[in-house]
Amino acid sequence: MTDLNAPEPHTAPALNTRPTLLAVFAHPDDEAFSVGGTLTHYARLGVNVVLACATRGEAGKITVPGMTVTDLGAQREQELIEACRALEIPAPVFLDYHDSGRYERTRHDDPLAMMNVNPLDVEVKLRALIEQVQPQVMVTFDPHGGYGHVDHLQIHRAASAAFFSAGSLPYGGPKRLYFTAMSVESAAGIARMGQDLDPLVYGVSEETFAVRMDVSAYAGNKAAALAAHGTQMGEQSLLGRMTPEEREAMQERLGHENFSIGGTRTPIHQYPLRGLFDGLDGFGHLDS
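Its first residue numbered 48, the sequence shown is counted upward by one per residue in the numbering used here.
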């Protein structure tokens with residue numbers, strides 16, 4: 048006799064044979080700085096690029112003098128959608144957590160702020176997304192979260208954990224996990240522009256780079272994506288306060304995007320790698 052109240056058996060999604068890259072970040076605009084050109088590069092090669100954003104940047108600082116925004120989260124959601132269009136990738140997937148903010152905007156009492164959320168809960172949500180889209184490659188923040196923002200650190204931890212626990216999924220999980228990587232020189236440049244960070248802590252030696260992507264061909268896409276984040280790119284922003292010399296140096300740095308290895312389920316046949324899919328069975332041609 049059939050038990051009509053019995054739970055439906057779990058059916059795994061059909062195996063994904065399309066190259067897929069899952070990028071996991073914390074706020075709208077995180078994607079534009081560190082991986083924007085790489086996302087465009089692979090999208091043009093036919094890769095299914097999935098951008099997961101943990102929050103809508105609700106606690107961000109509006110950097111345009113005199114601008115009034117009724118709902119900053121809704122505004123920044125639309126900005127990210129426009130940035131994705133500029134990068135030639137699909138609209139983002141939001142994980143529906145809240146921005147923790149910084150300094151006087153820190154949301155200590157918001158239970159959905161990333162700083163107050165159990166990273167294991169975020170991991171579970173990310174693992175469900177991994178099971179759905181079946182990426183071969185994942186990208187997220189480095190262990191210092193770029194410049195140490197608590198939300199960046201939280202999403203790094205959750206995404207890294209999800210990569211490892213996803214190995215038990217029926218499709219076998221993503222094959223490679225990459226972290227964004229910033230050289231000591233680049234970290235020093237950011238420090239000179241006002242970020243309180245030690246370049247020797249937040250930067251890495253260039254020998255750490257597993258992949259160095261030349262994305263200068265996508266400078267227009269990156270510039271348009273950054274411009275789409277209008278509330279964050281005003282004259283009171285870090286970029287808006289740059290001197291011409293600092294802006295020139297930043298443009299040069301934005302021409303390359305660097306990644307270190309966070310985890311792998313396949314052998315590394317050469318180092319550094321030619322790209323994020325280099326050496327993955329059936330997908331290595333993307334970086335030939």
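Every residue gets a Cβ at the ideal spot worked out from N, C-alpha and C, and that includes glycine.
- The beta carbon of residue 266 sits closer than 8 Å to the beta carbons of 84, 298, 301, 302 from its chain, once the five residues preceding and following it are set aside; these are given in chain order.
- Assigned with DSSP and collapsed to three states, residue 256 falls in coil, not helix or strand.
- Within its own chain, the residues whose Cβ lies closer than 6 Å to the Cβ of residue 220, once the five positions on either side in sequence are excluded, are 213, 214, listed in chain order.
- The continuous stretches of beta strand (DSSP E) do not include residue 128, which lies in the alpha helix (DSSP H) extending over residues 119–134.
- Within the same chain, Cβ atoms closer than 7 Å to the Cβ of residue 205 are found at 166, 169, 170, 173, the five residues on either side in sequence being excluded.
- In the three-state reduction of the DSSP assignment, residue 305 falls in the strand class.
- The criterion of a C-beta distance shorter than 8 Å is satisfied by residue 226 and residue 189.
- Non-local C-beta neighbours of residue 147 in its own chain, meaning closer than 6 Å and more than five positions away in sequence, comprise 154, 160, 161, 162, 197, 198, ordered along the chain.
- Just measuring C-alpha positions, the residue of 96, 101, 123, 102 sitting nearest residue 109 is 123.
- With fewer than 16 neighbouring CB atoms inside 10 Å of its own CB, residue 143 falls in the exposed class.
- Here residue 225 carries a strand assignment [DSSP, helix/strand/coil].
- The Cβ atoms of residue 180 and residue 137 do not sit closer than 8 Å to each other.
- In the DSSP assignment, residue 95 falls within the beta strand (DSSP E) that extends over 95–100.
- Taking each of 103, 316, 62 in turn and checking the Cα distance to residue 126, the smallest one comes out for 103.
- Contact between the segment 254–265 and the segment 306–322 is present, with at least three C-beta pairs closer than 8 Å.
- CA-CA distance, residue 223 to residue 242, rounds to 31 Å.
- For residue 192, the closest C-alpha among the options 145, 73, 263, 158 is that of 73.
- Between residue 280 and residue 274 the beta-carbon gap is near 6 Å, inside 8 Å, which marks them as a contact.
- For the pair residue 311 and residue 245, the Cα-to-Cα distance works out to about 29 Å.
- Annotation: the segment 157–201 contains the following complete segments of the alpha helix (DSSP H) (minimum length 4 residues), in chain order: 166–180, 192–195.
- A residue is called buried when at least 16 other Cβ atoms come within 10 angstroms of its Cβ; residue 315 does not meet this threshold and is exposed.
- Here residue 115 is exposed. Its C-beta has fewer than 16 other C-beta atoms within 10 Å.
- The C-alpha of residue 317 is placed about 30 Å away from the C-alpha of residue 176.
- Assignment of residue 68 by DSSP, reduced to helix, strand and coil, places it in the strand class.
- According to the DSSP assignment, residue 62 belongs to no alpha helix (DSSP H), since it is labelled neither H nor E.
- Residue state for residue 230 is assigned as strand, using DSSP reduced to three classes.
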